[in-house]
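Structure, as structure tokens:
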Amino acid sequence: MNDWWPAAARTKRSVAAAGVFVGLLILVPLSIMMLASALRESSAIGLAVCPPSWERLWLLAARSAGIAFGAATLSVLSGGGLAWMLLSRPGFLPRARELFLLPLVVPPYLLTLGWVAAADVVAMHFSLQPGLSGPGWTVIILGLAAAPPVALVLEAVLRRNLAAPFESALMAFGPAGAVRMVVIPVLRRPAAAVWLFVFGQALAEYGVPLYLQTPVLATELVSSFTGGSPAGIVLLSSWPLALLVGCTAAAWSVMVSREGVSRRAGERPGRPLWLDASAWPVGWRVGTAIGGCAAACGIAVPVAGLALGALRAGGGAAMLVAALPAMRTSVAIAGGCALVALVPALILGDALGAAAKRIPLMVSALALAIPAGCTGIAHAGFWNMSPFAGGEAAIWCGHLARILPAAWLVAAFMRGPAGFPPAVEAAMMLPGSAFRRSLLRMRLELPRVCAVAGVAFAVSIRELDISLLTVPPGGETLPLRLFNLMHYGAGGDVCRLGLLLGLLLALVTHIAAIVALPERKGSV
Amino acid sequence: MRGGSLAVTGLTKRFNGRSVLDELELNIDAGAAAVLFGASGCGKSTLLRLIAGFDAPDSGTIRVGDADVSSPGRIVPPWLRNVGMLFQGDALWAHLTIREQIGLVGGAAPRSLPEDRIMDYGIRLGIDKLWNRFPGDLSGGESRRVALVRTLAAIPTLLLLDEPFAHLDEDSQRHVAGVIRDWHTETGATLLIVSHESALLPNWNRFRIDAGRIEPKAEV
């Protein structure tokens with residue numbers, strides 16, 4: 000075997016095969032649709048649908064960027080406060096970690112529904128106009144939804160970096176000086192990286208702005224396709240969004256590569272004395288408490304809203320039964336895609352971690368940054384031109400193309416540049432059956448495998464844009480059903496359904512955590 | 000049956016432009032045992048990882064027995080090299096009991112010790128009461144001894160031991176050195192040990208790494 004790549008612990012052939020697989024899924028439909036449209040446009044002037052005017056384009060771009068800026072800033076500020084609160088209560092974190100991941104796995108439009116339901120309760124109580132809309136609420140909902148996961152990232156960064164340098168700075172300069180000289184420099188790059196990540200995600204978000212009647216670039220993209228514009232033309236005219244998201248992805252990858260992919264570091268058990276709230280200036284305590292409470296609202300308000308909304312009258316069990324086929328389809332697609340994505344994602348994650356260079360990371364970030372709307376439009380158009388038109392190929396391939404970049408980035412981050420743990424290397428030395436060796440390696444890397452599969456499943460099951468654009472005639476997925484119900488205003492039923500989906504996702508996350516985390520104890 | 004020889008020729012490895020191994024040459028005869036020592040960070044573990052196949056050299060060749068396992072354009076994966084290794088970290092598999100993991104390694108290897116001999120080594124190293132435990136239940140010293148027995152259960156062409164005496168008290172170090180000597184005599188495998196405690200293994204070839212190279216003369 001001549002093509003073994005020791006640093007990635009993969010053969011170069013398997014890395015190349017995985018690369019070709021994802022390239023075919025992600026790039027080919029996009030390129031073909033855009034090329035076909037460009038050629039058609041140049042040969043038949045006047046055939047294309049008129050793109051939006053410059054004035055409207057600027058307005059949409061400015062609104063998109065403004066919303067994304069506000070959401071990213073809100074998420075980092077409130078997430079930073081929550082991160083500090085979590086750091087000072089280490090016993091609280093293990094129990095709450097899954098809870099803080101909920102806004103990641105629950106679709107943003109569902110969180111919006113929760114916010115709207117909660118706002119309706121308040122509005123009814125105070126006789127105010129019910130309903131939420133506008134850029135302000137879009138910023139608040141997207142920003143607070145991102146805050147708890149941001150807090151987890153920043154808390155991990157602080158936990159890994161703060162011990163000795165912080166304590167020595169604390170002794171020399173006191174709390175305020177230590178914050179200025181250690182905490183802020185330690186947090187600066189990771190905070191910038193998560194800010195850029197949230198900014199990119201908020202730019203490409205479709206469901207929340209649409210529900211809150213706030214036209215942005217992402218809603219314009221999908222609505223012009225569903226309004227009858229050819230796929231290629233829509234993709235070509237989406238350049239402002241592509242430019243914004245692409246620049247964000249490039250900046251993000253620069254931040255992450257400077258910071259380094261996650262490094263394993265020993266975590267100190269317990270809580271150092273200096274984390275006691277009483278040791279800190281009043282302003283710091285108030286600031287972190289406000290941030291922490293705001294970030295906690297990102298989870299608490301929508302969940303409470305959904306629960307309150309579920310108490311309202313509606314179709315009852317019949318509505319839930321009617322949603323079963325859609326739920327079955329969504330679970331089948333998400334589970335199937337997660338299984339298919341697992342092997343290429345792990346291979347590419349290993350290769351990305353081993354290469355540890357900026358260009359592959361940037362390419363990965365750009366692949367992740369392709370808005371779901373673009374992927375959905377490309378696959379819908381591409382498969383409609385093929386003999387598989389009207390079948391399920393478009394929805395499966397669209398979902399796979401969407402989840403793969405996220406899955407391989409998670410695989411790369413969980414591996415890190417430090418290489419594989421010795422136990423995995425020892426498994427690689429096991430002679431004999433390749434199947435047994437692979438099985439042992441998978442078992443030893445179970446947390447990583449579960450994380451990759453879990454992320455793939457969650458991204459797929461919450462994906463609205465691709466379902467909307469690629470679902471075959473007569474088909475329906477759970478996000479699509481939920482979103483349609485939300486627009487028809489079926490309050491109580493849709494809240495119940497949303498709560499059910501949220502509980503299902505929370506259960507999957509919880510089971511994944513149970514399977515992945517604890518070590519078995521002995522029976523002496 | 001004797002082990003295979005080890006021939007390392009012109010081996011160079013750089014990390015971030017810094018040369019850790021520089022045109023290193025090392026030859027160990029088939030069935031011989033050698034101790035490798037040198038200052039911390041001089042590249043001992045890197046050399047072992049290159050021989051085991053976990054890293055690729057920038058240049059140079061490695062031959063184990065008759066097989067060319069690493070040369071420009073050809074890197075043989077670790078499991079096809081018939082090389083065993085005791086890792087610096089214990090590398091125990093947390094989901095398997097001690098009995099299961101030793102059985103797994105012994106069963107998978109083309110050549111391994113009989114079960115009674117493995118038990119015997121286990122008794123000598125004081126881990127015979129730990130067979131049904133999981134690695135999470137062991138102390139640092141117990142883990143080290145278990146990892147050693149798991150490594151010794153298979154009989155590879157070449158065995159690499161990275162700091163086998165780490166985390167052990169003086170008595171345990173002497174026991175471990177005795178077990179390694181006996182295993183070597185019993186199996187005839189070629190053995191390369193990285194250790195600062197080279198006095199525990201007298202009369203073996205001793206190679207010192209300095210500035211990325213083996214010092215010209217081997218000490219005995």
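Chains A and B are the protein sequences, given in the same order. Residues in the first sequence are numbered from 0 upward in steps of one, following numbering that gives the first Met the number 0. Residues in the second sequence are numbered from 0 upward in steps of one, following numbering that gives the first Met the number 0. Even glycine gets a Cβ: it sits at the ideal position worked out from N, Cα and C.
1) Buried or exposed for His-378/A, please, with buried defined as at least 16 other CB atoms from any protein chain shown within 10 angstroms of its CB.
2) What is the rounded straight-line gap between the Cα of Leu-23/A and the Cα of Leu-351/A?
3) What residue range does the beta strand (DSSP E) around Phe-14/B cover?
4) Classify Cys-246/A as buried or exposed, calling it buried when 16 or more other Cβ atoms lie within 10 Å of its own Cβ.
5) Note down the Cα distance separating Ser-52/A from Leu-59/A, rounded to an integer number of angstroms.
6) Where Glu-462/A and Leu-481/A are concerned, what is the direct C-alpha to C-alpha distance, given to the nearest angstrom?
7) Look at the alpha carbon of Leu-338/A and the alpha carbon of Gly-453/A, and state the distance between them as a whole number of angstroms.
8) Let me make sure I understand the geometry here. Which of Ala-191/A, Asp-2/A, Glu-154/A has the alpha-carbon closest to that of Gly-52/B?
9) Given that Gly-88/B touches chain E, what residues does it touch there, using C-beta distances under 7 Å?
10) Which of the three DSSP states, helix, strand or coil, is assigned to Ala-264/A?
11) By how many angstroms is the C-alpha of Ala-505/A removed from the C-alpha of Leu-498/A?
12) Whose CA, out of Pro-184/A, Ala-116/A, Ala-368/A, lies closest to the CA of Leu-307/A?
13) Starting from Arg-327/A, trace the alpha helix (DSSP H) both ways and give me its first and last residue.
14) Once DSSP output is grouped into helix, strand and coil, what is the label at Ala-33/B?
15) Would you say Gly-3/B faces chain A, with C-beta separation under 8 Å as the test?
16) Quick one: which unbroken alpha helix (DSSP H) runs of 4-plus residues sit fully inside the segment 216-249 of chain A? Chain order, please.
17) Please work out which residues of its chain come closer than 7 Å, Cβ to Cβ, to Ser-18/B, disregarding the five sequence neighbours upstream and downstream, and give them in chain order.
18) Met-485/A: which of Val-330/A, Trp-238/A, Tyr-108/A, Ile-139/A sits nearest, CA to CA?
19) So for Lys-11/A, helix, strand or coil by DSSP?
20) In whole angstroms, what separates the C-alpha of Leu-467/A from that of Arg-143/B?
21) Compare the C-beta of Val-14/A against all C-beta atoms of chain B and say whether one is closer than 8 Å.
22) With DSSP collapsed to three states, give me the class of Asn-483/A.
23) Is the CB-CB distance between Pro-163/B and Ser-197/B below 8 Å?
24) Establish whether the CB of Met-118/B and some CB of chain A are separated by less than 8 Å.
25) To the nearest whole angstrom, what separates the beta carbons of Ala-146/A and Ala-371/A, a pair I think is in contact under 8 Å?
26) Nearest CA to the CA of Ile-154/B: which residue from Thr-184/B, Glu-141/B, Asn-15/B?
27) What residues match up with Leu-399/A in a beta bridge as DSSP calls it?
28) Can you name the residues that DSSP bridges to Arg-18/B?
29) Specify the secondary structure class of Arg-205/B as computed by DSSP and reduced to three states.
30) Is there a C-beta anywhere in chain B that falls below 8 Å from the one on Leu-310/A?
31) Strictly under 8 Å for the Cβ-Cβ distance: is Val-104/B near chain A by that measure?
32) Please tell me whether Leu-503/A has its Cβ less than 8 Å away from any Cβ of chain B.
33) Name, please, each residue of chain A whose Cβ falls closer than 8 Å to the Cβ of Val-229/B.
34) Does DSSP put Arg-98/B in a helix, a strand or coil?
35) If distances are taken between C-alpha atoms only, which option among Cys-41/B, Asn-202/B, Ala-29/B comes closest to Ile-208/B?
36) State buried or exposed for Lys-43/B, treating a residue as buried only when at least 16 other CB atoms are found within 10 Å of its CB.
The short version:
1) If you number the first sequence from 1, residue 378/A lands on position 379. His-378/A should be labelled buried.
2) Numbered from 1 along the first sequence, position 24 holds the residue referred to as residue 23/A. Numbered from 1 along the first sequence, position 352 holds the residue referred to as residue 351/A. Their Cα atoms are separated by approximately 19 Å.
3) Position 15 of the second sequence holds residue 14/B. Where Phe-14/B is concerned, the enclosing beta strand (DSSP E) stretches over 5-14.
4) Counted from its first residue, the first sequence places residue 246/A at position 247. So Cys-246/A counts as exposed.
5) Locating residue 52/A in the first sequence gives position 53, counting from the first residue. Locating residue 59/A in the first sequence gives position 60, counting from the first residue. Their backbone Cα atoms lie some 11 Å apart in a straight line.
6) Residue numbering aside, residue 462/A sits at position 463 when the first sequence is read from its first letter. Residue numbering aside, residue 481/A sits at position 482 when the first sequence is read from its first letter. Distance between the alpha carbons of Glu-462/A and Leu-481/A: 12 Å.
7) Mapped onto the first sequence, residue 338/A falls at position 339. Mapped onto the first sequence, residue 453/A falls at position 454. Distance between the alpha carbons of Leu-338/A and Gly-453/A is about 10 Å.
8) One-based indexing of the second sequence puts residue 52/B at position 53. When each option's Cα is compared against that of Gly-52/B, the closest is Asp-2/A.
9) The question asks about chain E, but that chain is absent: this structure's protein chains are A and B.
10) Walking along the first sequence from the start, residue 264/A turns up at place 265. Because Ala-264/A sits at a pLDDT of 38, beneath the cut-off of 50, its placement in the model cannot be relied upon, and the point is left open.
11) Taking the first sequence and counting its residues from 1, the one referred to as residue 498/A is at position 499. Taking the first sequence and counting its residues from 1, the one referred to as residue 505/A is at position 506. In a straight line, the C-alpha of Leu-498/A is about 10 Å away from that of Ala-505/A.
12) By one-based count along the first sequence, residue 307/A stands at place 308. Comparing Cα-Cα distances from Leu-307/A to each of Pro-184/A, Ala-116/A, Ala-368/A, the minimum goes to Ala-116/A.
13) Along the first sequence, one-based indexing puts residue 327/A at 328. Run containing Arg-327/A: 323-354, per the alpha helix (DSSP H) assignment.
14) Your numbering for residue 33/B matches position 34 in the second sequence. Note: Ala-33/B maps to strand in three-state DSSP.
15) Reading the second sequence from its first residue, position 4 is the one you call residue 3/B. No, no contact with chain A.
16) 216-225, 230-235
17) Taking the second sequence and counting its residues from 1, the one referred to as residue 18/B is at position 19. Excluding residues within five positions, the ones whose Cβ falls inside 7 Å are Thr-11, Gly-211.
18) Residue numbering aside, residue 485/A sits at position 486 when the first sequence is read from its first letter. Nearest C-alpha to Met-485/A: Tyr-108/A.
19) Here residue 11/A refers to the residue found at position 12 when the first sequence is read from its first residue. If DSSP states are grouped into helix, strand and coil, Lys-11/A belongs with the helices.
20) As a working mapping, residue 467/A is identified with position 468 in the first sequence. As a working mapping, residue 143/B is identified with position 144 in the second sequence. When rounded, the distance between both Cα atoms is 57 Å.
21) Here residue 14/A corresponds to residue number 15 of the first sequence, with the count starting at 1. No, Val-14/A does not count as interfacial toward chain B.
22) Here residue 483/A refers to the residue found at position 484 of the first sequence. It is helical.
23) The count along the second sequence starts at 1 and reaches residue 163/B at position 164. The count along the second sequence starts at 1 and reaches residue 197/B at position 198. It is not a contact, given that the beta carbons lie outside the stated cut-off.
24) Within the second sequence, the letter at position 119 stands for residue 118/B. So no, Met-118/B is outside the interface.
25) As a first step, residue 146/A must be located in the first sequence, where it is residue number 147. As a first step, residue 371/A must be located in the first sequence, where it is residue number 372. Contact doesn't hold; Cβ gap of about 22 Å is too wide.
26) Along the second sequence, read from residue 1 onward, the residue named residue 154/B stands at position 155. Selected option, being the one with the closest Cα: Thr-184/B.
27) Looking up residue 399/A in the first sequence gives position 400. Looking at the DSSP assignment, Leu-399/A forms no beta bridge with any residue, so it has no partner.
28) One-based indexing of the second sequence puts residue 18/B at position 19. For the record, residue 18/B in the displayed sequence is Ser; it is not Arg. According to DSSP, which records beta bridges pairwise, Ser-18/B is partnered with Arg-13/B.
29) Along the second sequence, one-based indexing puts residue 205/B at 206. Looking at Arg-205/B - three-state DSSP - the assignment turns out to be strand.
30) Position 311 of the first sequence, counted from the first residue, corresponds to residue 310/A. Cβ-Cβ to chain B under 8 Å: no for Leu-310/A.
31) On the second sequence, residue 104/B is found 105 positions in, with the first residue counted as 1. Yes, Val-104/B lies at the interface with chain A (some Cβ there is under 8 Å from its Cβ).
32) Taking the first residue of the first sequence as 1, we reach residue 503/A at position 504. No, no contact with chain B.
33) With chain B covering 0 to 219 only, the question about residue 229/B has no answer from this structure.
34) The residue you call residue 98/B lines up with position 99 of the second sequence. Looking at Arg-98/B - three-state DSSP - the assignment turns out to be helix.
35) Along the second sequence, one-based indexing puts residue 208/B at 209. If we check each option's Cα against that of Ile-208/B, Cys-41/B comes out closest.
36) As a working mapping, residue 43/B is identified with position 44 in the second sequence. Buried, by the Cβ-count rule.
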